[in-house]
Amino acid sequence: MQALLAFEQGPPVAVPARFFLTAPLYLVLAGVLLAFEGQAVFASRWTPAALALTHLLTLGFMLQIMLGALIQILPVVAGAHLPQPRLLAAVVHPALNLGVLSLALGFLQGASTWMYAAAVFLVIALGVFIAASGWALWRVPSTSPSIRGLKIALLALLITVVSGVYMLLALAGGWPLVLDRVANLHAGWGLGGWTAILLAAVAYVVVPMFQLTPGYPARLAWWFPRLVFLALLLWSVGALVGVEWLVTVARVLLVLTTGGFVIATLLLQKKRRRARVDVTFRYWQFALYAVLAALTMALAEGVWPALGEFKAWPLLLGLLVVLGGDVAFITGMLYKIVPFLLWFDLQNRSAIGQPPPAMNRLLAEVEAEYQLYLFYLAGGGLLAAWIWPAAMVIPAGVLIVLTGAGLFLNLVRACWRYRGFRLQAVVNGERA
Amino acid sequence: MTLQQFLQQDHRACDDLFAVAEQAASGGDLALAKDGFERFRQAVLRHFAAEEGMLFPAFEDATGMRMGPTQVMRMEHEQMRAMMNAAAAALAGGDREGFLGQVDSLLITMQQHNMKEENVLYPMCDQHLAAAPALLERLQAALREG
Chain A
1 MQALLAFEQG
11 PPVAVPARFF
21 LTAPLYLVLA
31 GVLLAFEGQA
41 VFASRWTPAA
51 LALTHLLTLG
61 FMLQIMLGAL
71 IQILPVVAGA
81 HLPQPRLLAA
91 VVHPALNLGV
101 LSLALGFLQG
111 ASTWMYAAAV
121 FLVIALGVFI
131 AASGWALWRV
141 PSTSPSIRGL
151 KIALLALLIT
161 VVSGVYMLLA
171 LAGGWPLVLD
181 RVANLHAGWG
191 LGGWTAILLA
201 AVAYVVVPMF
211 QLTPGYPARL
221 AWWFPRLVFL
231 ALLLWSVGAL
241 VGVEWLVTVA
251 RVLLVLTTGG
261 FVIATLLLQK
271 KRRRARVDVT
281 FRYWQFALYA
291 VLAALTMALA
301 EGVWPALGEF
311 KAWPLLLGLL
321 VVLGGDVAFI
331 TGMLYKIVPF
341 LLWFDLQNRS
351 AIGQPPPAMN
361 RLLAEVEAEY
371 QLYLFYLAGG
381 GLLAAWIWPA
391 AMVIPAGVLI
401 VLTGAGLFLN
411 LVRACWRYRG
421 FRLQAVVNGE
431 RA
Chain B
433 MTLQQFLQQD
443 HRACDDLFAV
453 AEQAASGGDL
463 ALAKDGFERF
473 RQAVLRHFAA
483 EEGMLFPAFE
493 DATGMRMGPT
503 QVMRMEHEQM
513 RAMMNAAAAA
523 LAGGDREGFL
533 GQVDSLLITM
543 QQHNMKEENV
553 LYPMCDQHLA
563 AAPALLERLQ
573 AALREG
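In the order they appear, the protein sequences are chains A and B.
No gaps in the numbering here: position 170 of the first sequence is 170 in this note's numbering, and each next residue is one more.
To get this note's numbering, take the position in the second sequence, counting from 1, and add 432.
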C-alpha cells in the first residue's frame, strides 16, 4: 500500500525511453515493406509479407512500447517492484529487437535459420519479462481492477507467446499442423487478450486522469478482464476439440464484451469535465471508433460466416484493430508518457520552488499535431490500398513511413531538449 | 459522510475550476483564464492548508507515522504550489502557451497526487480517525469559506 505513495520508485527515465525511441522505427519499416511488397500484403493474410508486416507492427511497435511502459508503471500503478529494472531492460530490449527483425526476415525469406533465431530471441525477451513481472505482480494483492487486469493480461501474453513459438517451430521444422486454427487463436490471445486487457487496465487509470472523466463503473472494470479471458478460453477449447457452436458463442461473447468496454469509454468521455481537445484525445477517439468498426465487422461475420471467406475481409478487420485501434491508442499514450517522464525527471533534479520548464517546451502540441495529420492520411491511404492495391500501396507505404518518422523525430527531439534543460540545471548548480 | 467522500468531493470541485481556467486560456480569453485560475488556486491552497493544518497532524498523532505518507503528500503540495505560481506568472505575462504547458504538467501531478490520497491516505484516515468526528466538521467549515 505504501508503495503506491512513492512515484520516485519508478526506474530511471533511460530504462523505458529506449523502448519508446526504438518503436517508431518499426512503423517506418512497416511502411517500407508495404511500399515494396504491398500487393502481396493485400493478397491474403497468409502471405510472407503480410505475416512480416503484422509482426513488425504488433511486436516491433506495440509490444515494444507496452513492455517499456510496464517496466516503468508496474511499481507506480500496482506497487509491484520488478527485480533489477535496469538489467531487465538491458536483456529484454536487445533480445526483443533481434527477435522481431529475425522473425520478419524469417517470414520474408522463408528461411528456417532466421525462424529458429527469432524463436530463441523472443523466448529470451518474453520469458525473462513474463517471469520478472509475474514474480513482482503475484506478490501484490489485487486491490484494484487495474492490478487484476494486469495479471490476467500477463497470462494472455504467455499463451500468445507459447502458441506463437509453437507455430514458428512448426513452420521452420516443417511439422504437420493445422496452422490457421492455431493462428486465429494466437491472434485472439495477442490482440483480444493481452492487448485489449492491458489497454483497459491502463485506461482505468489514465482516462479519468487525463480527461477528468468519472471513473469506470466498478462492476465493468472488474469483470471486463475476466470475461475476455473466459471468452478466449472457451474459443480455444471449442477450436481445439472441434465444437463449432462453442467457438461461435465464445467469439460473440468476446465481441460484446470488448464492444461494451469501448462504448463505456466513449460515454465516459462525453462526461469529461476537461473540454480541451489535445492530440492524445484525438488519437484515442480515432482508436475507439476504429475498434468499434472492427467489432461491427466481427459481429457481421458471426451472423453471415460467408463474409469471412473473402480474403480482403480479415485484412480490413486486422488493419482496423492493429493500426486504427492499437497503434493509435498507444501513440496517443506516448504523447503523454514521454513528455511527462522527462519532465518528472527534470522536476526531481530541480530545486524546490523552481519548477522545470513546462512539458510543451519538450514536445509542442503543434509538432504532435503534424504527426497526427500524417497518421490520418496514412489511414486513408491504407483504406484506399485495400480497395485498389495496385495503385495505392506505394502512396500508403510512404505515408506510413512519414508518420512513423514524424513520431520518431518528435520523441528524439523531446529527449534532446530534455538533455539541454538538464545541462542548464547543472550550470545553475542544482542537483544533476 | 466519511472523510474520504468529503475530501474527494473537494478534489472534484477543484478539478472543475481547473477545467474552466484551462478552457478559457485554450480559447484565448486570458482575462477569464486569469480570473478562473485564481479561483482554482485559492481553492487548492485552502484544501492544502486544511490537510496540512488539521488532517495530517491528526493522522500522525493517531498512527505515530510522521515520516510516512503525510510527508510525501506535503512534499507534493510544495511542488504543486510552485507549479501554480509558475502558471500564474506565465498568465500574468500574457504567455498563453507557457501557461497551457504549465497546467498540463500540473494536472497530471495533481491527478496522481489525488489518486494516492483517495485510494490510500483517506481510507487510512477514515480507519484511524473514526473517533474524531469533530475533524470532519472542522474540515467542512474550513473548506466552505471562500
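Quick reminder that beta carbons are idealized off the backbone N, C-alpha and C, glycines included.
Hey, out of A:P217, A:A275 and A:A306, whose CA is closest to A:V262's CA? Taking the first residue of the first sequence as position 1, residue 262 of chain A is located at position 262. Minimum Cα distance to A:V262 is reached at A:P217.
Open item on the list: With H, G and I counted as helix, E and B as strand and the rest as coil, what does DSSP make of A:M1?
Closed with: Counted from its first residue, the first sequence places residue 1 of chain A at position 1. Low local confidence applies: a pLDDT of 36 at A:M1 is under 50, so the model's placement there is unreliable, with the coordinate-based value given in what follows. The answer is coil: DSSP assigns A:M1 none of H, G, I, E or B.
- State the DSSP-derived secondary structure class of A:G188, mapped to helix, strand or coil. For the purposes of this step, residue 188 of chain A is taken as residue 188 along the first sequence, with counting starting at 1. In this structure, A:G188 counts as helix in the three-state DSSP scheme.
| query | For A:E369, does the count of other Cβ atoms within 10 angstroms reach 16, so buried, or fall short, so exposed? | reply | Working through the first sequence from its first residue, we reach residue 369 of chain A at position 369. So A:E369 counts as exposed.
Exercise for the section: Leaving aside the five residues before and after A:T444 along the sequence, list all residues of the same chain whose C-beta is less than 6 Å from its C-beta, in chain order. Expected result: With chain A covering 1 to 432 only, the question about residue 444 of chain A has no answer from this structure.
What's the C-alpha gap between A:R349 and B:R576? Here residue 349 of chain A refers to the residue found at position 349 when the first sequence is read from its first residue. Here residue 576 of chain B refers to the residue found at position 144 when the second sequence is read from its first residue. About 37 Å.
Requested in this report: For A:E244, count neighbouring Cβ atoms within 10 angstroms of its own Cβ and tell me buried if that reaches 16, exposed if not.
Outcome: One-based indexing of the first sequence puts residue 244 of chain A at position 244. With fewer than 16 Cβ atoms within 10 Å of its Cβ, A:E244 is classed as exposed.
**Report entry** Through-space distance from A:L266 to A:Q211, alpha-carbon basis
**Finding:** Against the first sequence, residue 211 of chain A aligns to sequence position 211. Against the first sequence, residue 266 of chain A aligns to sequence position 266. The straight-line gap from Cα to Cα measures roughly 12 Å.
A:V41 to A:P48 span [Cα, whole Å]: The count along the first sequence starts at 1 and reaches residue 41 of chain A at position 41. The count along the first sequence starts at 1 and reaches residue 48 of chain A at position 48. One Cα belongs to A:V41, the other to A:P48, and the distance between them is close to 8 Å.
ask   = Any idea what DSSP makes of A:M167, helix, strand or coil?
value = As a working note, residue 167 of chain A is residue 167 in the first sequence. Looking at A:M167 - three-state DSSP - the assignment turns out to be helix.
query = Quick one: any contact between the region 407-425 of chain A and the region 356-374 of chain A, if contact means 3 or more CB pairs under 8 Å?
reply = Touching, yes.
**Q.** Inter-residue spacing [alpha-carbon to alpha-carbon] between B:F469 and B:C446
**A.** Position 37 of the second sequence, counting from 1, holds the residue named residue 469 of chain B. Position 14 of the second sequence, counting from 1, holds the residue named residue 446 of chain B. C-alpha separation (whole angstroms): 10 Å.
Checklist entry - Going along the chain, which unbroken runs of the beta strand (DSSP E) with 3 or more residues stay wholly within the region 376-404 of chain A? => result none
Practice problem: Return the chain-ordered list of same chain residues with a C-beta closer than 8 Å to the C-beta of A:W235, the five sequence neighbours on each side being excluded. | Solution: Along the first sequence, read from residue 1 onward, the residue named residue 235 of chain A stands at position 235. Excluding sequence neighbours, A:W235 sits near L185, G188, L246, V247, A250, R251 and L254.
Checklist line | Which of helix, strand or coil DSSP assigns to A:G271 | finding: Along the first sequence, one-based indexing puts residue 271 of chain A at 271. Here residue 271 of chain A is Lys; the residue named in the question, Gly, does not match the sequence. A:K271: coil per DSSP, three-state reduction.
Touch check for the region 550-560 of chain B and the region 436-443 of chain B: three-plus C-beta pairs under 8 Å? Because the criterion of three Cβ pairs below 8 Å is met, the region 550-560 of chain B and the region 436-443 of chain B touch.
What in chain B is Cβ-close to A:L212, meaning under 7 Å? Start at 1 with the first residue of the first sequence, and residue 212 of chain A comes out as number 212. Those within 7 Å of A:L212 in chain B are D447 and A451.
Helix, strand or coil for A:G134, going by three-state DSSP, please let me know. Taking the first sequence and counting its residues from 1, one reaches residue 134 of chain A at position 134. Three-state DSSP puts A:G134 in a helix.
#### Entry: Limits of the alpha helix (DSSP H) - the one that B:F488 falls within
As a first step, residue 488 of chain B must be located in the second sequence, where it is residue number 56. That run of the alpha helix (DSSP H) goes F488 to T495.
Could you compute how far the alpha carbon of A:L346 sits from the alpha carbon of A:W223?
In the first sequence, residue 346 of chain A corresponds to position 346, counting from 1. In the first sequence, residue 223 of chain A corresponds to position 223, counting from 1. Computed Cα separation, rounded: 39 Å.
Looking at the secondary structure, which residues open and close the alpha helix (DSSP H) in which B:M515 lies? Mapped onto the second sequence, residue 515 of chain B falls at position 83. Segment P501 to A524, the alpha helix (DSSP H) holding B:M515.
Checklist entry - Going by the beta-carbon positions, is the gap between B:L571 and B:M486 smaller than 8 Å? => result Taking the second sequence and counting its residues from 1, the one referred to as residue 571 of chain B is at position 139. Taking the second sequence and counting its residues from 1, the one referred to as residue 486 of chain B is at position 54. In contact: B:L571 and B:M486 (Cβ atoms closer than 8 Å).
Say whether the region 317-336 of chain A touches the region 63-77 of chain A, bearing in mind that this needs 3 or more beta-carbon pairs closer than 8 Å, one atom from each stretch. yes
At least one CB of chain A closer than 8 Å to the CB of B:L532: is that the case? Your numbering for residue 532 of chain B matches position 100 in the second sequence. Yes, its Cβ sits closer than 8 Å to a Cβ of chain A.
Suppose the cutoff is 6 Å on Cβ atoms and the five residues either side in sequence are ignored; what does the same chain contact list for B:V476 look like? Position 44 of the second sequence, counting from 1, holds the residue named residue 476 of chain B. Hits under 6 Å: C446.
*asked:* I need the boundaries of the alpha helix (DSSP H) containing A:V280, first residue and last residue.
replied: Counting from one through the first sequence, the residue named residue 280 of chain A turns up at place 280. Here the sequence assigns Thr to residue 280 of chain A, which means Val is not the residue at that position. Under the DSSP assignment, A:T280 falls in the alpha helix (DSSP H) whose first and last residues are V279 to V303.
**Message:** Can you look up A:Q354 in the DSSP assignment and give me helix, strand or coil?
**Reply:** Position 354 of the first sequence holds residue 354 of chain A. Looking at A:Q354 - three-state DSSP - the assignment turns out to be coil, as it is neither helix nor strand.
Around the Cβ of A:P145, are there at least 16 other Cβ atoms within 10 angstroms (buried) or fewer (exposed)? For this step, residue 145 of chain A is matched to residue 145 along the first sequence. Its Cβ being crowded by 16 or more others within 10 Å, A:P145 is buried.
### Message
Any beta carbon of chain A sitting closer than 8 Å to that of B:Q543?
### Response
Numbered from 1 along the second sequence, position 111 holds the residue referred to as residue 543 of chain B. Cβ-Cβ to chain A under 8 Å: yes for B:Q543.
*Hey, is B:M515's beta-carbon within less than 8 Å of any beta-carbon in chain A?*
Walking along the second sequence from the start, residue 515 of chain B turns up at place 83. Interface with chain A (8 Å Cβ-Cβ cutoff): B:M515 is included.
| said: Quick check: what's the CA-CA separation for B:A520 versus A:W343? | reply: Residue 520 of chain B sits at position 88 when you count from the first residue of the second sequence. Residue 343 of chain A sits at position 343 when you count from the first residue of the first sequence. B:A520 and A:W343: Cα-Cα distance of roughly 19 Å.
Item to complete: Could you name the residues of the same chain whose beta carbon sits closer than 6 Å to that of A:L21, not counting the 5 residues immediately before and after it, in chain order?
Response: For the purposes of this step, residue 21 of chain A is identified with residue 21 of the first sequence, where counting begins at 1. L411, listed in sequence order.
inquiry  = Measuring straight from C-alpha to C-alpha, what distance separates B:A573 and B:R471?
reply    = Your numbering for residue 573 of chain B matches position 141 in the second sequence. Your numbering for residue 471 of chain B matches position 39 in the second sequence. The straight-line gap from Cα to Cα measures roughly 18 Å.
Query raised in the report: What's the gap between the Cα of B:F491 and the Cα of A:S142?
Result: Mapped onto the second sequence, residue 491 of chain B falls at position 59. Mapped onto the first sequence, residue 142 of chain A falls at position 142. Taking the straight line from one Cα to the other gives about 26 Å.
| field | Beta-carbon proximity list for A:A294, same chain, < 6 Å, skipping 5 on both sides | value | Sequence index remark: in the first sequence, residue 294 of chain A carries index 294 (1-based). Within the same chain, A:A294 has close Cβ partners L317, L320 and V321.
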